[in-house]
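Quick notes on the structure that follows.
2 protein chains.
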Amino acid sequence: MPPAPGTAALVIIGNEVLSAKVVDENGPWLLRELRELGVDVRRIETVPDEIPLIVESVKRACEAAAHVFTSGGIGPTHDDVSIAALAQAFDRRVVTDARSLALLEEKFGGRMNAARRRLAEIPEGATLAWNEQSLFPTISLEQVVILPGVPSLFKLGFTTIRERFRQAPLYSRAVYLSLGESVLAEHLDATVAAFPDVGIGSYPRFDDADHRVKVTFDGRAAERIAAACNFFVTRLPPGAVVREN
Amino acid sequence: MPPAPGTAALVIIGNEVLSAKVVDENGPWLLRELRELGVDVRRIETVPDEIPLIVESVKRACEAAAHVFTSGGIGPTHDDVSIAALAQAFDRRVVTDARSLALLEEKFGGRMNAARRRLAEIPEGATLAWNEQSLFPTISLEQVVILPGVPSLFKLGFTTIRERFRQAPLYSRAVYLSLGESVLAEHLDATVAAFPDVGIGSYPRFDDADHRVKVTFDGRAAERIAAACNFFVTRLPPGAVVREN
Numbered sequence: 290m291p292p293a294p295g296t297a298a299l300v301i302i303g304n305e306v307l308s309a310k311v312v313d314e315n316g317p318w319l320l321r322e323l324r325e326l327g328v329d330v331r332r333i334e335t336v337p338d339e340i341p342l343i344v345e346s347v348k349r350a351c352e353a354a355a356h357v358f359t360s361g362g363i364g365p366t367h368d369d370v371s372i373a374a375l376a377q378a379f380d381r382r383v384v385t386d387a388r389s390l391a392l393l394e395e396k397f398g399g400r401m402n403a404a405r406r407r408l409a410e411i412p413e414g415a416t417l418a419w420n421e422q423s424l425f426p427t428i429s430l431e432q433v434v435i436l437p438g439v440p441s442l443f444k445l446g447f448t449t450i451r452e453r454f455r456q457a458p459l460y461s462r463a464v465y466l467s468l469g470e471s472v473l474a475e476h477l478d479a480t481v482a483a484f485p486d487v488g489i490g491s492y493p494r495f496d497d498a499d500h501r502v503k504v505t506f507d508g509r510a511a512e513r514i515a516a517a518c519n520f521f522v523t524r525l526p527p528g529a530v531v532r533e534n
Numbered sequence: 290m291p292p293a294p295g296t297a298a299l300v301i302i303g304n305e306v307l308s309a310k311v312v313d314e315n316g317p318w319l320l321r322e323l324r325e326l327g328v329d330v331r332r333i334e335t336v337p338d339e340i341p342l343i344v345e346s347v348k349r350a351c352e353a354a355a356h357v358f359t360s361g362g363i364g365p366t367h368d369d370v371s372i373a374a375l376a377q378a379f380d381r382r383v384v385t386d387a388r389s390l391a392l393l394e395e396k397f398g399g400r401m402n403a404a405r406r407r408l409a410e411i412p413e414g415a416t417l418a419w420n421e422q423s424l425f426p427t428i429s430l431e432q433v434v435i436l437p438g439v440p441s442l443f444k445l446g447f448t449t450i451r452e453r454f455r456q457a458p459l460y461s462r463a464v465y466l467s468l469g470e471s472v473l474a475e476h477l478d479a480t481v482a483a484f485p486d487v488g489i490g491s492y493p494r495f496d497d498a499d500h501r502v503k504v505t506f507d508g509r510a511a512e513r514i515a516a517a518c519n520f521f522v523t524r525l526p527p528g529a530v531v532r533e534n
């Protein structure tokens, strides 16, 4: 079964993330962007800079979602293996893109070397989207967008092709409650049963916030979300709702 | 082949993370803790609150790593499915733990209800570690530790059993360089070839930091890391090293 339209999966490639040297900021940023675009993100995998693991992870992501985004592993050094991994995942060769190579030769002239030539390599058959702020295009291969890990380049690469992914909006409402989850559970169960088409989440907290639980209602049909929210709230005792948004 | 000792994998369970309602803080926190304990984290998967996807992800994590940690999906509401998912992953029944139930009954008395009773449910055969600050034990099943998603409870749950996971230390050195990756690449390649037992990473930046590339050397043998670092640095032209640590 092909993945549902409007879905995405992320593959974060980075030993530096797994070894806690840096906190990944590309994943959370892209999650916010995709949410704003109405895209439903189904999974994220964070994997080491190892070709077999990247290949597996990308294949799995392609089965789970219509669009796959990889972060990291792009560049001229030994640990930049994403182009090779993506080529392998789709059984393609790694080739040199002529326009990229010409731009690099123009920039580096006599300082061109093997490492810089690697920057022009792409999986055969990839499509490239250029933007004016960068020497490097955004590389897509089938349903996969291959983005670099440096956050400024990651953001620029995605922003270049952002509008490709826009879907019908996702709507969300939240109700903040003074009651605990154990009291709300039966009302949540009733609401979930009555509105199977609405995504309903319950998030407790145990600090000194103004509420004990936040309940969220998510979906593409605004009127169904409003109805589910109303159904839930009218079942609660007076004073239970602290605020809504 | 059983997973290598001293390795870990994380499974973050949470629609709220995938839908960008919250930024996961448990994953980055646990990565730092595990690093400090000398544990090598091999992968992270972030998946929705859906039993079949959690089961798959946990099984995959168990093949990849000696220790697996799940975050989220613990509690009394409809979207708390981690206990059921973990039981299913290991072909166990969900049972009620007698000590947990007694503690909950003592606390709630006449206000005990079905939702609160759910808080005493565990996969059959799970082992429980109690701590004095919480009504809830840390639940382990085989190689999996099942932690709640609320950050304060996640941290307490892990801290209760933290020392179980301590390994020989992981050592790391970093060299900050004034040269770009395309110039460093050949020296990195030579170092990687000479020190296959050392993990070497290269991280460029394109901002106004004092360096252009950070190169890291990681492993369990401090003297091999020092040797690899020295081998690399002595190949570079004068002035290339901004600082080391």
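Going line by line, the protein sequences match chains B and Y.
Position one of the first sequence corresponds to residue 290 (the working numbering), numbered consecutively onward.
Position one of the second sequence corresponds to residue 290 (the working numbering), numbered consecutively onward.
Every residue gets a Cβ at the ideal spot worked out from N, C-alpha and C, and that includes glycine.
Stretch pair the region 347 to 363 of chain Y + the region 293 to 311 of chain Y: three plus CB contacts closer than 8 Å: yes
Close Cβ partners of Y/Ile340 (< 7 Å) along its chain, the five nearest in sequence each way excluded: Residue 340 of chain Y sits at position 51 when you count from the first residue of the second sequence. Hits under 7 Å: Val370, Ala373, Ala374 and Gln377.
Within chain Y, the residues that B/His367 reaches when beta carbons sit closer than 8 Å: Position 78 of the first sequence, counted from the start, is the residue given in the question as residue 367 of chain B. What B/His367 touches in chain Y: Ala474, Leu477, Asp478, Val481, Ile489 and Ser491.
C-beta atoms of Y/Tyr460 and Y/Gly508 nearer than 8 Å: As a working mapping, residue 460 of chain Y is identified with position 171 in the second sequence. As a working mapping, residue 508 of chain Y is identified with position 219 in the second sequence. Contact: yes.
Extent of the continuous alpha helix (DSSP H) to which B/Val481 belongs: Taking the first sequence and counting its residues from 1, one reaches residue 481 of chain B at position 192. Counting along the chain, the alpha helix (DSSP H) containing B/Val481 begins and ends at Glu470 to Ala483.
Proximity test, Y/Ile340 beta-carbon vs the ligand GDP heavy atom, cut-off 7 Å: Within the structure as shown, the ligand GDP is missing, as the structure has no ligands at all.
Limits of the beta strand (DSSP E) - the one that Y/Arg532 falls within: Reading the second sequence from its first residue, position 243 is the one you call residue 532 of chain Y. It spans Val530 to Glu533 - the beta strand (DSSP E) in which Y/Arg532 sits, taken as one unbroken run.
Where Y/Thr335 meets chain B, residues with beta-carbon distance less than 7 Å: In the second sequence, the residue the question calls residue 335 of chain Y occupies position 46. Going along chain B in sequence order, the residues near Y/Thr335 (Cβ under 7 Å) are Arg332 and Ile333.
Contact list for Y/Gly364 against chain B, beta-carbon separation under 7 Å: Here the question's residue 364 of chain Y lines up with position 75 in the second sequence. Neighbours of Y/Gly364 on chain B, chain order: Glu470 and Pro493.
Any chain Y beta carbon closer than 8 Å to B/Pro317: Taking the first sequence and counting its residues from 1, the one referred to as residue 317 of chain B is at position 28. Yes, because at least one Cβ of chain Y sits closer than 8 Å to the Cβ of B/Pro317.
Beta-bridge pairing of Y/Ile435 - partner residues as DSSP gives them: Locating residue 435 of chain Y in the second sequence gives position 146, where the first residue counts as 1. Y/Ile435 is bridged to Y/Thr359 and Y/Ile428.
Alpha-carbon spacing of Y/Ile333 relative to B/Gly398, whole angstroms: Position 44 of the second sequence holds residue 333 of chain Y. Position 109 of the first sequence holds residue 398 of chain B. Using only the alpha carbons, I get a separation of about 42 Å.
Assigned exposure category for Y/Lys348 - 16 Cβ within 10 Å defines buried: Here residue 348 of chain Y refers to the residue found at position 59 when the second sequence is read from its first residue. With fewer than 16 other Cβ atoms within 10 Å, it is exposed.
Positions along the region 303 to 329 of chain B whose CB lies within less than 7 Å of some CB in chain Y: Asn304, Glu305, Leu307, Ser308, Ala309, Lys310, Val312, Pro317, Leu320, Arg321 and Arg324
Contained alpha helix (DSSP H) runs [length at least 4] in the region 330 to 399 of chain Y, N- to C-terminal order: 340 to 353, 371 to 378 and 387 to 397
Selection of the region 402 to 416 of chain Y by Cβ proximity to chain B, strictly under 7 Å: Asn402, Ala404 and Arg405
Run of the beta strand (DSSP E) containing Y/Pro493, from where it starts to where it stops: Numbered from its first residue, the second sequence carries residue 493 of chain Y at position 204. Run containing Y/Pro493: Gly488 to Pro493, per the beta strand (DSSP E) assignment.
is_contact[B/Asp507, chain Y] using C-beta, thresh 8 Å: Position 218 of the first sequence, counting from 1, holds the residue named residue 507 of chain B. Yes, its Cβ sits closer than 8 Å to a Cβ of chain Y.
Cut-off 6 Å between Cβ atoms - residues of its own chain near Y/Pro493, not counting five sequence neighbours on either side: The residue given as residue 493 of chain Y occupies position 204 in the second sequence. Contacts found: Glu470 and Val502.
Member of B/Ile450, B/Pro317 and B/Ala403 whose CA lies at the smallest distance from the CA of Y/Val306: Taking the second sequence and counting its residues from 1, the one referred to as residue 306 of chain Y is at position 17. Nearest option by C-alpha distance: B/Pro317.
Beta-carbon separation (whole angstroms), B/Ala409 vs B/Leu390, contact threshold 8 Å: The residue labelled residue 409 of chain B in the question sits at position 120 within the first sequence. The residue labelled residue 390 of chain B in the question sits at position 101 within the first sequence. The Cβ separation is near 4 Å, so the contact holds.
Neighbourhood of Y/Glu431 by C-beta, 7 Å cutoff - its chain only, sequence neighbours within 5 removed: Walking along the second sequence from the start, residue 431 of chain Y turns up at place 142. So the list reads Phe379, once near-sequence residues are dropped.
Span of the alpha helix (DSSP H) around Y/Lys310: Here residue 310 of chain Y corresponds to residue number 21 of the second sequence, with the count starting at 1. No alpha helix (DSSP H) holds Y/Lys310; DSSP gives it neither H nor E.
Pick from B/Asp368, B/Asn315, B/Glu394 and B/Glu322 that is closest to Y/His476, judged by C-alpha positions: For the purposes of this step, residue 476 of chain Y is identified with residue 187 of the second sequence, where counting begins at 1. Looking at the Cα atoms, B/Asp368 is the closest of the given residues.
Span separating the alpha-carbon of B/Val384 from that of B/Thr427: For the purposes of this step, residue 384 of chain B is taken as the residue at position 95 of the first sequence. For the purposes of this step, residue 427 of chain B is taken as the residue at position 138 of the first sequence. Computed Cα separation, rounded: 16 Å.
C-beta atoms of Y/Asn315 and Y/Pro412 nearer than 8 Å: Along the second sequence, read from residue 1 onward, the residue named residue 315 of chain Y stands at position 26. Along the second sequence, read from residue 1 onward, the residue named residue 412 of chain Y stands at position 123. Taking 8 Å as the Cβ cut-off, Y/Asn315 and Y/Pro412 do not qualify as a contacting pair.
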